[in-house]
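Written below as structure tokens is the structure these notes are about.
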Amino acid sequence: MRQADLFLDDRPVCPVVVADTGWERARGMTLRRPLPEALVVIKTQCAHALGMRRALDVALLDEAGTVIRTQVVKAWRTARFRPRGNLLEALHGSFERWGVRPGSRVTIVPH
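Position one of the sequence shown corresponds to residue 1 (our numbering), numbered consecutively onward.
This is the structure we're talking about:
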């Protein structure tokens, strides 16, 4: 688990946790205390809200970090994304507050 900062269209948004190992990707947002504001899941095609009480906003990112599409994943549900890529996850409602939409550019800056 790596810590980083999330930027959206060159604007700082919040701290983010980077899930880049098999275990971290499978775990997702589940069993994290405190719950991070955002999570970036590296190289995956599946998002889940298993074990979550709240829905998640999920964005599929291309290799340059541009948002291809967004989707809400309800609590205790899963969603598949094609093509395989990086996913940005946050509690539902976060993307609306932050202005995340297709075409937005996401940048992750490690600590």
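Idealized CB from N, CA, C, for every residue including glycine.
None of these values were measured; they are calculated from a predicted model.
Let me confirm a value: residue i is counted as buried when at least 16 other C-beta atoms fall within 10 Å, else exposed. Which label applies?
i	result
H48	buried
A38	buried
L8	buried
L50	exposed
List the endpoints of the continuous beta strand (DSSP E) containing residue i.
i	result
A90	78 to 91
R97	Careful: R97 lies outside any beta strand (DSSP E), inside the alpha helix (DSSP H) at 94 to 98.
D9	No beta strand (DSSP E) holds D9; DSSP gives it neither H nor E.
P110	106 to 110
L43	The sequence as given places Lys at residue 43; Leu does not occur at that position. Taken as a continuous stretch (DSSP letters only), the beta strand (DSSP E) holding K43 covers 38 to 48.
D62	Note, D62: premise wrong, no beta strand (DSSP E); not H, not E.
Going by Cα to Cα distance, which pick from the options is closest to residue i?
i	options	result
L91	F7, T30, V106	T30
R82	V17, E96, V67, R27	V67
K43	N86, H111, T107, R105	N86
V72	V106, F95, D5, T107	F95
G99	H111, R84, V17, R11	R11
R69	V17, D5, V18, S104	S104
First and last residue of the alpha helix (DSSP H) that includes residue i?
i	result
R25	22 to 27
Expressed to the nearest angstrom, what Euclidean distance is found between the alpha-carbon atoms of residue i and residue j?
i	j	result
P15	R101	19 Å
L61	V109	15 Å
V106	G28	19 Å
V41	V18	6 Å
Q45	V13	24 Å
Check your understanding: Are there three or more Cβ pairs, one per stretch, closer than 8 Å when the region 69 to 81 is compared with the region 14 to 32?
Key -> Fewer than three Cβ pairs drawn from the region 69 to 81 and the region 14 to 32 lie within less than 8 Å of each other, which leaves the two stretches out of contact.
Review point. Should the region 82 to 97 be called in touch with the region 48 to 63, which here means at least 3 C-beta pairs below 8 Å?
Key: Because the criterion of three Cβ pairs below 8 Å is met, the region 82 to 97 and the region 48 to 63 touch.
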